[in-house]
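Residue numbers (our numbering): 28 to 238.
Remarks on the structure that follows.
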Amino acid sequence: VGSEMCIRDSFYTVKEILIRPGKSVQHFIKNDRNKIVKPITFIVFCSLIYTIAQQHLINNDFLDEFGSGYTNTTGLKNSALVSIFEWVKKNYGYTNILMSVFTAFWVKLFFRKSNYNFYEILTFLLYVIGISTLIYSLFIVLDILTGYRLLYLGGIIGFVYSSWALGQFYSSRKAINYLKGVIANMLGMITFYFISIIIGTTIDMILLNTK
């Protein structure tokens with residue numbers, strides 16, 4: 028009964044966050060924390076669906092296409108940098124969670140006049156990431172059913188959704204907030220990959236100098 032209730036509440040949360048993300052999370056933060064499931068529970072639920080879709084539906088050759096092409100052309104199969112990007116490619120859900128930390132920093136900077144603290148912004152982003160993960164999972168299914176390469180489209184739609192959700196979270200009537208949402212998402216992504224490159228390159232340089 029408990030697991031059935033959790034699944035039912037998770038699907039209710041999906042509907043609410045998909046249709047009205049701003050109002051739903053605002054209500055969760057300020058008023059009722061029992062109406063929708065907790066952010067960690069929700070992200071685990073969404074990641075589970077993504078994992079099932081990834082492992083059982085998608086063509087594994089397509090998953091390996093980018094990574095194998097990159098390592099073959101650069102000759103860096105044992106590179107820490109390549110290993111990091113291989114992990115990023117194969118762990119979409121975890122990558123988005125890590126990326127949300129950097130995005131939350133930029134959101135806090137762009138909306139510094141608001142009353143939301145960093146933890147509340149991160150809470151909101153976790154819900155949005157959950158929906159983005161489900162969108163990507165849907166396109167995994169569509170990819171395998173249609174035979175067309177639709178995963179990139181799923182990533183774009185997920186990005187657009189998260190930017191729209193950010194604008195709605197702060198004020199749906201101000202167009203500038205949607206632009207800020209787009210820029211914050213882009214900068215969060217760029218910051219994540221920039222730091223990943225720095226870490227990978229630094230490790231490679233250390234390993235190279237110790238040989």
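C-beta: ideal position from N, C-alpha, C; glycine also.
**Message:** Cutting at 6 Å between CB atoms, please list the residues of its own chain near ILE203, excluding the five before and the five after it.
**Reply:** Its chain contains no residue whose beta carbon lies nearer than 6 Å to that of ILE203 once the 5 sequence neighbours on both sides are disregarded.
**Prompt:** Excluding sequence positions up to five away, which residues of its chain have a Cβ less than 7 Å from the Cβ of ASN87?
**Reply:** At ASN87, the pLDDT of 46 sits below 50, so the modelled position is not reliable and the matter cannot be decided from this model.
**Prompt:** Would you report the Cα separation of TYR220 and ALA211, rounded to the nearest angstrom?
**Reply:** Distance between the alpha carbons of TYR220 and ALA211: 14 Å.
**C-alpha distance - ASN123 paired with SER141, whole-angstrom precision** = Rounded to the nearest angstrom, the two C-alpha atoms are 24 Å apart.
**Request:** Mind reading off the beta-carbon distance from LEU161 to CYS73? Whole number of angstroms is fine, and I expect it under 8 Å.
**Result:** So it is a contact: roughly 5 Å between Cβ atoms.
**Request:** Jot down the residue ranges of each uninterrupted beta strand (DSSP E) in the stretch 132-173, minimum 3 residues, whole runs only, in chain order.
**Result:** Assignment of beta strand (DSSP E) within the stretch 132-173, counting only whole runs of 3 or more residues, yields no such run.
**Prompt:** Alpha carbon to alpha carbon, how far is LYS57 from ILE183?
**Reply:** Rounded to whole angstroms, the gap between the alpha carbons of LYS57 and ILE183 is 31 Å.
**Message:** With H, G and I counted as helix, E and B as strand and the rest as coil, what does DSSP make of ARG176?
**Reply:** Looking at ARG176 - three-state DSSP - the assignment turns out to be coil, as it is neither helix nor strand.
**Message:** I need the DSSP call for ILE222, collapsed to helix, strand or coil.
**Reply:** Three-state result, ILE222: helix.
**Separation of GLY181 from VAL168, as counted between CA atoms** = Approximately 11 Å between the Cα atoms of the pair.
**Prompt:** Pick from GLY49, ILE225 and MET213: whose alpha carbon is nearest that of PHE132?
**Reply:** Checking every option, the nearest Cα to that of PHE132 belongs to MET213.
**Prompt:** Looking at the structure shown, is ILE203 part of a helix, part of a strand, or coil, going by DSSP?
**Reply:** ILE203 falls in the helix class under three-state DSSP.
**Between the CA atoms of TRP114 and ILE225 - distance to the nearest angstrom** = Distance between the alpha carbons of ILE225 and TRP114 is about 16 Å.
**Prompt:** Going by beta carbon distance, what residues of the same chain come within less than 6 Å of SER223, once the five residues before and after it are set aside?
**Reply:** Annotation for SER223: ILE111 place their beta carbon closer than 6 Å to its own, counting only its chain and skipping 5 residues before and after.
**Asked** Since GLY227 contacts GLY208 with CB under 8 Å, what's their CB separation in whole angstroms?
**Response** Actually they are not in contact, since the Cβ atoms of GLY227 and GLY208 sit about 29 Å apart, beyond 8 Å.
**Asked** Three-state secondary structure (DSSP) at SER37?
**Response** DSSP places SER37 in helix when its eight states are reduced to three.
**Request:** Compute the beta-carbon to beta-carbon distance between ALA192 and VAL155, rounded to the nearest angstrom, for a pair I have assumed lies under 8 Å.
**Result:** Confirmed, about 5 Å.
**Request:** Locate the alpha helix (DSSP H) running through SER110, then write down its first and last residues.
**Result:** 107-117 is the extent of the alpha helix (DSSP H) around SER110.
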